Structure formats: C-alpha cells, structure tokens
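For reference, the structure discussed in these notes is given below.
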Amino acid sequence: MRTYKLLLLLPTLLLALFSCTAQKSKNTTLKDAYKDKFFIGTALNLDQIHGKDVQSVEIVKSQFSSIVAENCMKSMYLQPEEGKFFFDDADKFVEFGEKNKMFIIGHNLLWHSQAPRWFFTDKDGKNVTPEVLKERIKNHITTIVTHYKGRIQGWDVVNEAILDDGQYRKSKFYEILGEEFIPLAFQYAHEADPDAELYYNDYNEWFPGKREAIVKLVKTLKERGLRIDGIGMQSHLGIETPSLEEYEKAIITYSDLGLKASITELDVSALPSPWGTSANISDVNKYKKELDPYKTGLTPEAEKVWENRYLDLFKLYLKHQDRIRRVTLWGVTDLQSWKNDFPVRGRTDYPLLFDRNYKAKPVVQKLIDLTK
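With mature numbering (1 follows the signal peptide of the UniProt record, and there is no 0) applied, the sequence shown corresponds to residues -24 to -1, 1 to 348, in that order.
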C-alpha cells in the first residue's frame, strides 16, 4: 500500500524537482555558470567606471567575473605628455574590479593607434633615435605596470602589430625599432611585475599568414626567455566569418604553443559586411540602406541567425575550455557598442548580449543553459 502511494506521488515529486531546477537555472548568472570554465568579462567605458551608468554597472557586477578598460588605459590617455601621467580614470577602473573581486586586465601598453605623437618625435618633429624610443617605451611600461603591480592580473602588452598577411605593421614603433620593440615591451612589463600574465592581442588571428607570424613571434619570445602567457583573439565577428573550423584551428594552434587563448573583444555583428562591397567609402554610402537594414530592431529571422551564431561560438569555447583563459565581450549593451557607427556612420547594430533597454536578450539564458 505504501509503495502504491509513493508511486502516485512520484509524478508530483518529479515535477517539483524539475521546477526547482528550472528556476535555479533561470536565476543563474553568466559568471556563475562559467566560473569553472573560464572568466566571462566585459569592457568598461568611462560612464560605467565612474558609476554614472547605473544600469550597466549593475549588469557588470551581477553577470561578469572579469573587466577590461575600453579606452582609459591607452597611452594617449595615461601619458598625454611626456613624463605627465594621468591615472585618475584607470585608478577608478581598477578600484571597481577590486571591490567586486574581478579578474582585471590592463589594455594596453603599446599600440600604434591612440598613441601620443610625442612618443615618436623630437622637438623638431623628426623621428627620435632607437635609443630614445627604447627609453620612452621602458619608462611608459615600467611606470604603469609598477603603479598597478599586484592589482592588475594580466596585461595586453602589444596590440595589433601584425597585418593579416603576416607582415609587420609599418607603425612608428616598427619604423624606428623594427621587430625588436615587441620583445622589449614584454621584457619591461615582466620586470615591472613578474607575477602578471602577459598577452599579445590582435584581430583576424585565424588568417593563415597572421597565425603563422604570431606563432613565430611567440617562439622568438620563448627562445629569448621572455614571458608570454596568452594570445588575445579580438573576435569582432560576423554571422558567417570566420568559419568555426578556421576559428577553432587558431585556438588550437596557440594552445599548442603552451599558451592560453583569450577571447578579448567579442561581439557578433548582425549586419551585412561592407567589406568587398566597394573599396571606396563614397560608393559604400550608396549601399547604406542595404548595409543598415534593421534600424528599429532585428527581424525574428535575423535574430535567430544571430543567436545561433553566439551559441555555436560558446559551444566551441566550452569544447576547448581547457585552452581558454577568458571570454570578454566588448561592451555591455547594444546602446554603447562601437559597432553602431562602423564602418558607415549611423548604422544600428545589435552585437552584444544586453539590449538598448539594459535587458538580457533570450540568448543569455541559452548560454547559461549550455553549461548544464
């Protein structure tokens, strides 16, 4: 008789258990779901760093376990004039991460873009000598990394130094110092904080020529006894490119060097790619309507395609979770994404996980469910 009563109660008990499990999954955040997989991060702008964008701040604190500064740690902001460092914004950024027990990334120490002109020129506007540039690089990196020693866990040491075909970018760093500026940067960063993780960060890291050049760079650094912990894969992706196969190959290639891959600037554009449409921006503008088809929101069909792209990517990240250190979104909501005006002014894009009203998109729960 007791067995019979238990059998009658079994469906009710199972339904209650299922409901409890479903509710628990619904209340789980991204950072909780991925805490045993890899860090899940986001980039912060100044309004978020200073607490002005309250709704974004609440999302960051509840959903993310890692942060990176979108702009305020780039050289033109940290040292706008030689010897005059401005740490106010960056200090607030680091304080935010510490207060919320986050994995903090410094971005970045050397980048040809958003670098102050004085870095490369003398009082007459001519290129400085290699010796002067070395000293300026050393002073810049040493001052910044020492300032945050023990507080920032990882640094993007050099950013975007290699072109898609594998050639070195002809930046002022390269023009004056050649390839040597990269090993020097890693050396100075390690000397300033021996415990900090050090990364090389770039985009289109799946292009064969660029991938091979990065592999060669890593081997050179290691042969010289210099520390490098990972490759930052920026991952500003489209719906179709890169293919999952070539993207996965890059992750595996860098991991096989003894490094961790970091997905550093992830966003997925739902808009048609303008590249290949025309080499002339004035011609591209003729196609503005075709390049900006979702002014008031994605269609259900477009949203489904976009969502599936994110799910496929995170399935890949989970497949290789032992090879990946962190996955960082480049922004919090669609409202603040740099993709809205790129490369055609006025474009409206939907590349991030939270919408313009600070609401989690349905894909967020689906990404959480992938970890179950």
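Where a beta carbon is used, it is the ideal one built from N, C-alpha and C, also for glycine.
Just so it is clear, the structure is predicted and the values come from calculations on it, not from any experiment.
Discussion item. Using the Cβ count rule (16 or more neighbours within 10 Å means buried), how would you classify Glu181?
Written reply: Position 205 of the sequence shown, counting from 1, holds the residue named residue 181. Around the beta carbon of Glu181, 16 or more other beta carbons lie within 10 angstroms, which makes this residue buried.
Discussion item. For Trp131 and Val44, I'd like the C-alpha separation in whole angstroms.
Written reply: Here residue 131 is taken as the residue at index 155 of the sequence shown, counted from 1. Here residue 44 is taken as the residue at index 68 of the sequence shown, counted from 1. Taking the Cα positions, Trp131 is about 10 angstroms away from Val44.
Discussion item. When you compare the region 44 to 56 with the region 341 to 348, are there three or more beta-carbon pairs, one atom per stretch, that lie closer than 8 angstroms?
Written reply: With the cut-off at 8 angstroms, the region 44 to 56 and the region 341 to 348 do not touch.
Item to complete: With DSSP as the reference, please indicate the residues paired to Tyr286 in a beta bridge.
Response: Numbered from 1 along the sequence shown, position 310 holds the residue referred to as residue 286. Looking at the DSSP assignment, Tyr286 forms no beta bridge with any residue, so it has no partner.
Discussion item. I need the DSSP call for Trp306, collapsed to helix, strand or coil.
Written reply: Residue mapping note: residue 306 aligns to position 330 of the sequence shown, counting from 1. Residue state, collapsed to three classes: coil.
Item to complete: Pull up the CB-CB distance for residue 359 and Thr5, whole angstroms please, since I reckon it's below 8 angstroms.
Response: Since the displayed the chain opens at -24 and closes at 348, residue 359 lies outside it and no answer follows.
Worksheet item: According to DSSP, which residues form a beta bridge with Thr18?
Response: One-based indexing of the sequence shown puts residue 18 at position 42. Bridge partners of Thr18: Ile43 and Leu305.
Worksheet entry | Beta-carbon gap between Phe157 and Phe149 smaller than 8 angstroms | Taking the sequence shown and counting its residues from 1, one reaches residue 157 at position 181. Taking the sequence shown and counting its residues from 1, one reaches residue 149 at position 173. Yes. Within cutoff.
Worksheet item: When the Cα atoms are used, what is the spatial distance from Ile35 to Asp100?
Response: Position 59 of the sequence shown holds residue 35. Position 124 of the sequence shown holds residue 100. Those two C-alpha atoms are separated by around 49 angstroms.
Fill in: 7 angstroms Cβ shell around Arg200 - same chain, five flanking residues per side excluded
The residue given as residue 200 occupies position 224 in the sequence shown. Answer for Arg200: Pro159, listed in chain order.
Discussion item. Taking only three categories from DSSP, how would you classify Arg332?
Written reply: Counted from its first residue, the sequence shown places residue 332 at position 356. DSSP places Arg332 in coil when its eight states are reduced to three.
Worksheet item: If you follow the alpha helix (DSSP H) that Asn115 is part of, which residue opens it and which one closes it?
Response: Start at 1 with the first residue of the sequence shown, and residue 115 comes out as number 139. That run of the alpha helix (DSSP H) goes Pro106 to His123.
Worksheet item: Between which two residues does the beta strand (DSSP E) carrying Leu133 extend?
Response: As a first step, residue 133 must be located in the sequence shown, where it is residue number 157. Here residue 133 turns out to be Val, not Leu, going by the sequence shown. Where Val133 is concerned, the enclosing beta strand (DSSP E) stretches over Gly130 to Asn135.
Worksheet item: Skipping 5 residues on each side, what residues in its chain have a beta carbon closer than 7 angstroms to that of Pro250?
Response: Within the sequence shown, residue 250 is the residue found at index 274, counting from 1. In the same chain as Pro250, and ignoring 5 residues on each side of it, the C-beta atoms closer than 7 angstroms to its own belong to Val260, Leu267, Pro319 and Val320, in chain order.
Item to complete: Could you say which of Leu174, Asp298, Leu328 and Asn135 lies nearest to Asp310 if we only look at CA atoms?
Response: Translated into the one-based positions of the sequence shown, residue 310 becomes position 334. Comparing Cα positions, the closest option is Leu328.
Fill in: Reduced DSSP secondary structure (H/G/I, E/B, other) of Ile228
Along the sequence shown, one-based indexing puts residue 228 at 252. DSSP places Ile228 in helix when its eight states are reduced to three.
Worksheet item: Residues bridged to Leu174 by DSSP?
Response: Position 198 of the sequence shown, counted from the start, is the residue given in the question as residue 174. Answer is Trp131, bridged to Leu174.
Worksheet item: If you drop the 5 nearest sequence neighbours on each side, which residues of the same chain put their C-beta closer than 7 angstroms to that of Val340?
Response: The residue labelled residue 340 in the question sits at position 364 within the sequence shown. Taken in chain order, the residues that qualify are Leu6 and Leu329.
Worksheet item: Can we say the region 137 to 144 touches the region 168 to 175, given the rule of at least three CB pairs closer than 8 angstroms?
Response: Fewer than three Cβ pairs drawn from the region 137 to 144 and the region 168 to 175 lie within less than 8 angstroms of each other, which leaves the two stretches out of contact.
Worksheet item: So Glu74 is in the alpha helix (DSSP H); what residue range does that whole segment cover?
Response: For this step, residue 74 is matched to residue 98 along the sequence shown. DSSP places Glu74 inside the alpha helix (DSSP H), whose first and last residues are Asp64 to Lys75.
Item to complete: Measure how close the beta-carbons of His51 and Met78 come, nearest whole angstrom, since I'm counting them as under 8 angstroms.
Response: Within the sequence shown, residue 51 is the residue found at index 75, counting from 1. Within the sequence shown, residue 78 is the residue found at index 102, counting from 1. One detail in the question is off: residue 51 reads as Ser in this sequence, not His. Actually they do not touch by this definition, with Cβ atoms about 23 angstroms apart.
Item to complete: Ignore the nearest five residues each way along the sequence and tell me which others in Val281's own chain have a CB closer than 8 angstroms to its CB.
Response: Residue 281 sits at position 305 when you count from the first residue of the sequence shown. Here the set comprises Ile215 and Ala246.
Item to complete: Would you please state the rounded distance, in angstroms, between the beta carbons of Thr119 and Gly307? I believe it to be under 8 angstroms.
Response: Numbered from its first residue, the sequence shown carries residue 119 at position 143. Numbered from its first residue, the sequence shown carries residue 307 at position 331. Not really, about 28 angstroms apart at Cβ, beyond 8 angstroms.
Worksheet entry | Sequence-distant residues of the same chain with beta carbon closer than 6 angstroms to Ser32, five excluded per side | Position 56 of the sequence shown holds residue 32. Gln24 and Val308.
Worksheet item: beta strand (DSSP E) containing Glu241: first to last residue?
Response: One-based indexing of the sequence shown puts residue 241 at position 265. Lys236 to Val244 is the span of the beta strand (DSSP E), which, as asked, contains Glu241.
Discussion item. Just verifying my parser: in three-state terms, what is the DSSP assignment at Glu221?
Written reply: If you number the sequence shown from 1, residue 221 lands on position 245. The answer is helix: DSSP assigns Glu221 an H, G or I state.
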